[in-house]
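Remarks on the structure that follows.
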Amino acid sequence: MCEGKNLGPCSGPNRQRDLCTFCTISLDQEEVFRTKVFDKSLSPFYGEDFYFEIPRPFQCLSFYVFAKGVFQRDLPVGKVSIRKEELCKFSGKEHWFGLQPVDPNSEVQVGVSQTVFRHLYVIIECQGLPLISGQNCDPYATVSLVGPARVDLWNNGNLAQDVFLGETRVSVKILRNDHIHRAWYLLQPKGNGKSKTDDLGSLRLNVTYIEDNVLPSACYTPLRTLLLKSPDIKPISASAAHILGDICRERYEAVLPVVRLLLHHSRLVPFVSAITVLELENTQEANTIFRGNSLATRCIDDMMKIVGRSYLTVTLKPVLDEICESNKTCEIDPIKLKEGDNVEVNKENLQGYVQKVFSSITQSSSSCPPLMCDVFRSLRHMASKRFPDDPHVQYSAVSSFVFLRFFAVAVLSPHTFQLRPHHPDLEVSRTLTLISKTIQTLGSWGSLSKNKLVCMDVSYQPLQHAYQSSLTSVQLKLTVPISSQYLFCFREIQKRAQGRKRIGKRNFKKRWLRVTNRELSYHKHRGETSLCIIPVKDIRAVEKLYESAFNRKNMFQVLHSEKPLYVQAGNCVEASEWVEVLSQVSRCNPDRLGTFHPSAYVAGAWLCCRSLSDSQPGCKPCTPTLLANLQLDIDCDRETERIFSLLTSSYSKLQKMEDACASIAVYQGPPREQDDYSLFTIQDPKETFHTVRQITHILEELQREHDTRSGTAQYGSQ
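Under the working numbering, read the sequence shown as residues 4 to 721, first letter to last.
Structure (structure tokens):
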């Protein structure tokens, strides 16, 4: 979410110079994220990143700009709406999008099924209808036979005004020889959404959309096997995983699926060790170790982001919350000081914050995931072996990652690592920048003797060394003090009263749900005393509910030693996040259930299996949760399909690598600098040629599988 320009009507009485705006991101009509409010600017720079898995089918990704209301509701300024089929056209690049007006008759992204007779239209069912005021709608349809037959869908507002949900137009020409036509149709805006547009400004967006069609698991066996053999290939540059990184080096996302696949099969550490040796062979000076953007550094970066998420939460979130909420001024640049600022007080504030952050890091080695420790241990050993005359390289090798690429980055952008809900305001962002730069300097051995910082203290050096030594110690024990309590999530939800026998709207109330590593609690208002506390050790399962259970979307249940807790999340993304967080904090509980009921017990029976006993064991298997330190749920077929897509999109470079191998093998010499061949790492042309040919053959087979299974259904067909 980059920035806005000239927001609001360009002229007239509605033009405001002091417009306070924020943006929301919606899947169809369901809001899933929003930015912070940007004060008094018609061209705000939002600068926020949002990444999320899409948990359900959708038709449109929409971005709404709202003017913040003080004494009235927020008013829509305009929107950008991108249909699913158009996302690929904009994916991966920044674009300016003109804002369109927000019209209640155009807010339609749902589907309707209908059966059509010659003179009679029968609506059978609908799917994907939106929530109205947080609840499922009460829809009814009208049918018109004027011009093209038109079906309108409305929500019955009872005491309020009915809400238009959409329309679909069907030509009567589809009926031939008294045949019945049955099909699904998408609801459209009234009149196809054509309306007069005003200049409402524009948004600069960078949208990356990835969609993979995953084949049955057996189809990926050859490619998966070839990739998993990569750590054993000599030289490592001839392995399939290294070749992928070589031909997709300008695409940063290309490394992630390989890292996830190797992680799942416990093959990442040997692969990282092998490519690190190759990297060190090309490093001439110890003080430049791991400073480039190589395959090795990218793999380790992605590994830390995947494996170290909980580690960051435990280590940094408490102190970052304190920094962001206390909002003390830490500016020490004389040029940027405001009137009335005291530079000495600011120095003390900055030094205090740095001390807290650095202490949190250096005292956290016992919480570091084992796999990160294994990688750092390997880095330390290989760096010392490559530069035996430099006693400090064993520390700089580790600090290049753990301080410069992990903790410092998380301090600078806490919202990117889910440590804060939004991008911090400008003053807090400046404070975090100063702290991050200081942490980078403290973590860099080469900088310790060259730079003088306001908060530098020689006592940081032994702390840094002790921390790194404990990370790479073979005898390291990984435990979190039981007395420590860490907040993972705190959001507003709808909670159903526990133990109620009937289903009704009055049984649901707004509450604040809070989860830490020790307890789950809900509160009437944020910051107030809890109304109920469920110890994490008592949680036996966390699962999603069928929509039919309470006629509500985004429902999940927490099964514990007493009555189930039924919760409705704010949107589909939040529901998935709640289930993930609660499942992970309770994953090691000894009494976890193997089955559950995906619906409610009402009127003496379970709605899902019709069993009469409320104590009847569940009718559906619980979702498996990994009982491991990694806390990962990796779909290897999906990751392998992503790798197939990356290799296919870079097929021309794969062919160039094959030609380069053949040329080098024939002429027994290095490639010429002016050729594209110089872009590839080819240590053994024959071995690399053999691997490239294997990849090419596998890609052709997988493409045939995709072609065989591709659908040919037309819109409006049965």
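Just so you know, even glycine gets a beta-carbon here, dropped at the ideal spot from N, CA and C.
When only Cα atoms are considered, residue 421 and residue 578 end up about 16 Å apart.
The beta carbon of residue 653 sits closer than 6 Å to the beta carbons of 250, 251 from its chain, once the five residues preceding and following it are set aside; these are given in chain order. The stretch 47–59 makes contact with the stretch 559–579, as at least three CB pairs between them are under 8 Å. Contact between the stretch 301–318 and the stretch 238–258 is present, with at least three C-beta pairs closer than 8 Å.
Around the C-beta of residue 373, fewer than 16 other C-beta atoms lie within 10 Å, and the residue is accordingly described as exposed. Assignment of residue 103 by DSSP, reduced to helix, strand and coil, places it in the strand class.
Burial state of residue 369 is exposed, judged by a 10 Å Cβ sphere holding fewer than 16 other Cβ atoms. Excluding its 5 nearest sequence neighbours in each direction, residue 409 has C-beta neighbours in its own chain below 7 Å: 307, 311, listed in chain order.
Assignment of residue 333 by DSSP, reduced to helix, strand and coil, places it in the coil class.
Residue environment analysis places residue 147 among the exposed positions, since fewer than 16 neighbouring C-beta atoms fall within 10 angstroms of its C-beta. Counting the other CB atoms within 10 Å of its CB gives residue 694 a total of 16 or more, which places it among the buried residues.
If you ignore the 5 residues before and after residue 322, its C-beta comes within less than 7 Å of the C-beta of 359, 360, 363, all in its own chain and listed in chain order. Contact annotation: residue 567 and residue 597 have beta-carbon atoms that are not nearer than 8 Å. With contact defined as three or more Cβ pairs closer than 8 Å, the stretch 281–301 and the stretch 385–403 are in contact.
Here the alpha carbons of residue 559 and residue 296 stand approximately 42 Å from one another.
Boundaries of the alpha helix (DSSP H) harbouring residue 349: 346–365, taken from the DSSP string. Judged by DSSP in its simplified three-state form, residue 655 adopts helix. When the five nearest sequence neighbours on each side are left out, the beta carbons in the same chain lying within less than 6 Å of the beta carbon of residue 41 are those of 24, 47, in order along the chain.
Residue 320 and residue 519 have their C-alpha atoms spaced approximately 12 Å apart. It is roughly 22 Å from the alpha-carbon of residue 330 to the alpha-carbon of residue 52. Counting along the chain, no alpha helix (DSSP H) covers residue 172; the unbroken beta strand (DSSP E) around it starts and ends at 166–173. Taking a cut-off of 8 Å on C-beta distances, the stretch 585–594 does not touch the stretch 606–624, as fewer than three cross pairs fall below it. Its Cα nearest to that of residue 606, the residue 552 stands out among 641, 552, 223, 626. Distance from residue 279 to residue 382 at the Cβ level is roughly 6 Å; contact confirmed, criterion being Cβ atoms closer than 8 Å.
Of 594, 540, 514, 541, the smallest CA-CA separation from residue 528 is found for 514.
Comparing alpha-carbon positions, the option among 64, 101, 270, 9 lying closest to residue 29 turns out to be 64. Taking the C-beta atoms as reference points, residue 443 is found no nearer than 8 Å to residue 511. In the pairwise beta carbon analysis, the stretch 338–350 is classified as not touching the stretch 223–243: fewer than three pairs are separated by under 8 Å. For residue 205 and residue 34, the gap between their C-alpha atoms comes out near 20 Å.
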